[in-house]
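When we follow numbering that gives the first Met the number 0, the leftmost residue of the sequence shown carries the number 0, and every step to the right adds one. Structure first, then comments.
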Amino acid sequence: MAGHSKWANIQHRKGRQDEKRGKIWTRIIREITVAARQGGGDLSANPRLRLAVDKAKAANMPADRVKYNIDKATGSLDGLQYEEIRYEGYGIGGAAIIVDTMTDNRVRTVAEVRHAFSKHGGNLGTEGSVAFQFKHCGQLVFAPGTSEDKVMEVALEAGADDVITDDDGAIEVITAPSEFEAVKNALEAAGLMPEVAEVTMRADNTIELSGEEAARMQKLLDVLEDLDDVQNVFHNADINE
0 MAGHSKWANI QHRKGRQDEK RGKIWTRIIR EITVAARQGG GDLSANPRLR LAVDKAKAAN
60 MPADRVKYNI DKATGSLDGL QYEEIRYEGY GIGGAAIIVD TMTDNRVRTV AEVRHAFSKH
120 GGNLGTEGSV AFQFKHCGQL VFAPGTSEDK VMEVALEAGA DDVITDDDGA IEVITAPSEF
180 EAVKNALEAA GLMPEVAEVT MRADNTIELS GEEAARMQKL LDVLEDLDDV QNVFHNADIN
240 E
């Protein structure tokens, strides 16, 4: 996903997430709930739950609230039953969009997602319509100016699949989802702290949007991300506002 505005896009996204900090906890709690229900409440044996708890710590969620939601998910307490549903569609300029949701009411969720697409210039597609344009992988992104040689040496030795330097100097480390945690720990132990570290859907290629098209695409993404049941929105637009 190399491109001249890669780093700008990342900073822009982080800024928007900070503005929506109130919703971050809700999404993390849902992730903890599903991860604990599927893999159990033992952090040492559940990588997905460990990642969710790391996100909770980064968002300054109190430890007792984390524990409460793990207990609730594993049956110690009664709670809602969430299911994960993925939607795929197209945005402005034919850009591909994947919307991951967790919901206790799939009828409500699909109606809200479809409405967001149709109202803001997109089209909700069928299952598999755009997913082939993305790779499920671990992604760690380092700021321009980070030592490429050091990142490459540590990452590849720890099991990373690839190290990519983007046009703007940002460095991406790509891993298999199963190797993400080991690579992240090795990089951090070497003093290399990523700006972004997540298991994600990374676009194979990007579509550059600017001007009015970029603004419309950003509006569609914002509306989708603001939906209560939406956990993550992935896309292949290179937005230059």
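Think of the CB as a built atom: it goes at the ideal place given N, C-alpha and C, for glycine as much as any other residue. From a predicted model like this one, the values you see are computed outputs, not experimental measurements.
Does the separation of the CB atoms of residue i and residue j fall below 7 Å?
i	j	result
residue 132	residue 237	no
residue 87	residue 130	yes
residue 103	residue 81	yes
residue 140	residue 171	yes
residue 46	residue 224	no
residue 32	residue 72	yes
residue 69	residue 40	yes
residue 183	residue 196	yes
residue 138	residue 205	no
Is the CB of residue i under 7 Å away from at least one CB in chain C?
i	result
residue 153	This model lacks chain C altogether, as it is built from one protein chain only.
With DSSP run on the structure shown, which of helix, strand or coil describes residue i?
i	result
residue 126	coil
residue 200	strand
residue 68	helix
residue 221	helix
residue 39	coil
residue 32	helix
residue 192	coil
residue 80	coil
residue 165	coil
residue 2	Its pLDDT being 39, under 50, residue 2 is placed unreliably in this model, and the value from its coordinates should be taken loosely. It is coil, neither helix nor strand.
residue 25	helix
residue 208	strand
Count the other C-beta atoms from every protein chain shown that fall within 10 angstroms of the C-beta of residue i, then say buried if there are 16 or more, exposed otherwise.
i	result
residue 58	exposed
residue 234	buried
residue 37	exposed
residue 211	exposed
residue 51	buried
residue 83	exposed
residue 220	buried
residue 169	buried
residue 156	exposed
residue 232	buried
If you follow the beta strand (DSSP E) that residue i is in, where does it begin and where does it stop?
i	result
residue 108	Looking at the DSSP string, residue 108 is not in any beta strand (DSSP E); the run it does join, the alpha helix (DSSP H), is 105-118.
residue 139	133-141
For the alpha helix (DSSP H) that contains residue i, what are its first and last residues?
i	result
residue 148	147-157
Item to complete: Evaluate contact between the segment 162-182 and the segment 223-236, counting only Cβ atoms and requiring at least three cross-stretch pairs below 8 Å.
Response: By the Cβ test, the segment 162-182 is not in contact with the segment 223-236, since fewer than three Cβ pairs between them sit closer than 8 Å.
Discussion item. Between the segment 216-226 and the segment 116-131, can you find at least three pairs of beta-carbon atoms closer than 8 Å?
Written reply: Below 8 Å, enough C-beta pairs join the segment 116-131 and the segment 216-226 to call them touching: three or more.
Fill in: the segment 145-162 / the segment 107-115 touching (three or more Cβ pairs under 8 Å)
Under the three-pair Cβ rule at 8 Å, the segment 145-162 does not count as touching the segment 107-115.
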